[in-house]
Amino acid sequence: MSATDSCSTMRECISVHVGQAGVQMGNTCWELYCLEHGIQPDGQMPSDKPTGNLDDSFTTFFSATGTGKYVPRAIFVDLEPTVIDEVRTGTYRQLFHPEQLISGKEDAANNYARGHYTIGKEIIDSVLDRIRKLVRMI
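Just so we're aligned, residue 511 is where the sequence shown starts under the numbering used here, counting upward by one.
What follows is the structure, encoded as structure tokens:
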């Protein structure tokens with residue numbers, strides 16, 4: 511097997527959804543991925559799905575746990591907790607690992623400098639640590 515062959519088989523993606531729009535679009539996107547690949551809102555694959563012809567293309571976006579649950583390789587980040595809380599309490603709340611839903615305590619009030627230099631600094635380390643953990647799991 512050549513180096514290009516081994517690289518072509520490694521197709522894992524990590525999605526990072528940032529801010530209100532990013533989190534809302536990401537939540538909808540993951541709902542669509544689940545519908546397209548037959549994964550239930552709790553991350554389980556239906557037992558009546560035939561395993562012989564199972565297309566494993568969903569492993570590009572999902573990690574399998576030891577219990578047979580599929581968890582998105584995604585991180586949701588927002589400085590303000592309201593939109594992340596919608597994901598935490600929504601239909602697909604069991605799909606996401608709680609550590610992948612990262613929120614601050616207040617928003618930046620549409621002020622880039624406040625978000626970048628003040629409030630964002632409070633959560634950037636936890637976001638980067640979680641990304642590192644996801645990368646190591648691949």
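All C-beta atoms, glycine included, are put in the ideal place defined by N, C-alpha and C.
Computed from a prediction, not measured in an experiment: that's the story for all the values here.
Using the DSSP secondary-structure output, state which residues sit across from Ala618 in a beta bridge. To locate residue 618, count along the sequence shown from 1; it is residue 108. DSSP output for Ala618 lists no bridge partner at all.
May I have the straight-line CA-CA distance separating Ala485 from Gly600, to the nearest angstrom? Lying before the first or after the last residue shown, residue 485 is absent from the chain, which here runs from 511 to 648.
Closest to Ile648 by C-alpha separation, out of Asp588, Ala574, His607 and Gly536, would be which residue? If you number the sequence shown from 1, residue 648 lands on position 138. With distances taken between Cα atoms, Ile648 lies closest to Ala574.
For Tyr543, does the three-state DSSP call read helix, strand or coil? On the sequence shown, residue 543 is found 33 positions in, with the first residue counted as 1. Three-state result, Tyr543: helix.
Buried or exposed: Tyr543, going by 16 or more other Cβ atoms within 10 Å of its Cβ? Along the sequence shown, one-based indexing puts residue 543 at 33. Burial call: buried.
Other residues of its chain near His547: CB distance less than 6 Å, five sequence neighbours each side excluded: As a first step, residue 547 must be located in the sequence shown, where it is residue number 37. For His547, where only same-chain residues beyond five positions count, the Cβ hits under 6 Å are Phe568.
Under 8 Å between the Cβ atoms of Phe571 and Pro556? Position 61 of the sequence shown, counted from the start, is the residue given in the question as residue 571. Position 46 of the sequence shown, counted from the start, is the residue given in the question as residue 556. No; because the gap between Cβ atoms is not below 8 Å, this pair is not in contact.
Report buried or exposed for Ala584, applying the criterion of at least 16 other Cβ atoms within 10 angstroms of its Cβ. Looking up residue 584 in the sequence shown gives position 74. It is buried - the Cβ of Ala584 has at least 16 other Cβ atoms within 10 Å.
Please name the residue, chosen from Asp558, Leu611 and Asn621, that lies closest to Ser636 on a Cα-to-Cα basis. Taking the sequence shown and counting its residues from 1, the one referred to as residue 636 is at position 126. Among Asp558, Leu611 and Asn621, the Cα nearest to that of Ser636 belongs to Leu611.
Going by alpha carbons, who is nearest to Trp540 out of Gly630, Glu632, Pro591 and Tyr580? For the purposes of this step, residue 540 is taken as the residue at position 30 of the sequence shown. Of the listed residues, the one whose Cα sits closest to Trp540 is Tyr580.
Closest Cα partner of Gly625 within the set Arg521, Val528, Cys523 and Glu522: If you number the sequence shown from 1, residue 625 lands on position 115. Here the closest residue by C-alpha is Val528.
Pull up the distance between the alpha-carbon of Gly630 and that of Cys523, whole angstroms please. Reading the sequence shown from its first residue, position 120 is the one you call residue 630. Reading the sequence shown from its first residue, position 13 is the one you call residue 523. Their backbone Cα atoms lie some 24 Å apart in a straight line.
Note down, in chain order, each residue of its chain lying with its Cβ closer than 8 Å to the Cβ of Val645, except the 5 sequence neighbours on either side. Counted from its first residue, the sequence shown places residue 645 at position 135. Taken in chain order, the residues that qualify are Ile524.
Would you say Gln589 and Glu616 are within 8 Å of each other, going by their C-beta atoms? By 1-based counting over the sequence shown, the position of residue 589 is 79. By 1-based counting over the sequence shown, the position of residue 616 is 106. The sequence as given places Leu at residue 589; Gln does not occur at that position. Cβ distance < 8 Å, so Leu589 and Glu616 count as in contact.
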